[in-house]
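See structure below.
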Amino acid sequence: MPELPEAETIRRGLEAPLGGRTILRIYVRFPDLLAAPPPAFRSALEGRHVHTVGRRGKNVVLGFSDSGGQGPDLRLVVNLGMSGRLVLRERDDASEPPSHPGVEFELDGGGRLIYHDIRRFGRLRVLEEPAFREWSDGLGPEPLSRRFTAKRLMAGLSRSGSPVRSWLLDQRRIAGVGNIYANEALFGARVHPRTAANRLSEVEVRQLHRALRRVLRAAIQAQGTTFQDYRTALGSRGSYASRLRVYGREGRPCSRRCGAGVERLVFGNRSAFLCPRCQSEPDLRE
DNA sequence: CGTGCCCCCTGTCAGC
DNA sequence: TGCTGACAGGGGGCAC
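Note that my numbering gives residue 1403 to position 6 of the first sequence, counting from 1, and the numbers run on in steps of one.
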């Protein structure tokens, strides 16, 4: 579920309260959430201090140092899957305990960071610095970074004949884009989701570049899109759902008032949403 | 190597 | 009031 804007919102919510905190003890309720056996996971992190609260693509990344270190030498990469949440509960927090706690990190000061995940598609992985680099290098560029230019997008797209929506979902090509924002960006760019990546015109690539960045930034400002599961680190909902123009809006009129209705099609095992008039069908002949 | 399909899991909703 | 099937924001593995 969480895509870049949701992961970024969670990161921002955790940064101040979690920075500098110590992990005293870890309770693993669902070992299938961990990439490593629980004892190894626990001994890697217990006693360490949170040095950085970062993000890469859809992943929230906590950097840890041991007592003396200046920089993080160990990273906890949290992939939230479809229903993962990172919930911070301080000692005086009297709210309901979460319904599906998966892994709990007891912090100094009596607080807890809880990884909560109903469907348990998420994964928590501890990586030492070289392995973290390698993992990070395997992901595509951050779409909101300066390095992500229209030119770079063009170069990437030109190397693939996949449908552009599938291309956008591939984390090795761009990091952080999921099904909601891929569909929204393609609507913004007036490009049909099924268009072969290497058949977008230069103008369309520029439109897509701009639309992607605009949608992601606006969604971060709205603190993400909550349908059911997603929550910020403080438990609130994101408000971008009310601003979606095609995703989940099958049968409703196109927001450009072109007169057509939003359609849903399924390919690559997931729904694509589009306006059939504003995003005209690619020509498949030739 | 790239691509398409299935599966992991729980919950919700529409239709009967 | 059930029951059943479709579907949900992700991604890893496998066959081709």
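Just so it is clear, CB atoms sit at the ideal spot from N, CA and C, and this is done for glycine as well. Bear in mind the structure is a predicted one, so any value in this text is a computation, not a measurement.
Under the DSSP assignment, valine 1663 falls outside any alpha helix (DSSP H), being part of the beta strand (DSSP E) whose first and last residues are 1660-1664. Residues Arg1661 of the same chain have their beta carbon placed closer than 6 Å to that of serine 1668, with the five preceding and five following residues left out of the count. For glutamate 1501, the secondary structure class from DSSP, reduced to helix, strand or coil, is strand. When rounded, the separation of the alpha-carbon atoms in alanine 1630 and lysine 1455 is 15 Å. CA-to-CA, the gap between glycine 1460 and cysteine 1675 works out to about 44 Å. In this structure, the CA atom of leucine 1671 is about 24 Å from the CA atom of leucine 1541. Closest in C-alpha terms to proline 1560, from the list Glu1581, Val1588, Leu1536, comes Val1588. Contact annotation: alanine 1657 and arginine 1640 have beta-carbon atoms that are not nearer than 8 Å.
Ranked by Cα distance from glutamate 1678, the first of Arg1607, Thr1592, Asn1666 is Thr1592. In this structure the stretch 1634-1652 does not touch the stretch 1561-1575; the number of beta carbon pairs closer than 8 Å is below three. Annotation for threonine 1406: the continuous alpha helix (DSSP H) segment containing it runs 1401-1415. Inclusion of valine 1457 and isoleucine 1407 in the CB contact set at 8 Å is warranted, their separation being smaller than that value. Counting C-beta pairs closer than 8 Å gives three or more between the stretch 1490-1509 and the stretch 1421-1436, which meets the contact rule. DSSP, read as helix, strand or coil, puts tyrosine 1578 in helix. The beta carbon of glycine 1410 lies closer than 6 Å to those of Thr1629, Ala1630, Leu1631 in the same chain, with the five residues before and after it left out. The criterion of a C-beta distance shorter than 8 Å is satisfied by isoleucine 1617 and proline 1402. DSSP assignment within the stretch 1590-1671 yields the following whole alpha helix (DSSP H) runs of 4 residues or more, N-terminal first: 1599-1618. Excluding residues up to 5 positions away in sequence, Arg1520, Arg1522 lie with their Cβ nearer than 6 Å to the Cβ of alanine 1432 in the same chain.
For serine 1462, the enclosing beta strand (DSSP E) stretches over residues 1456-1462.
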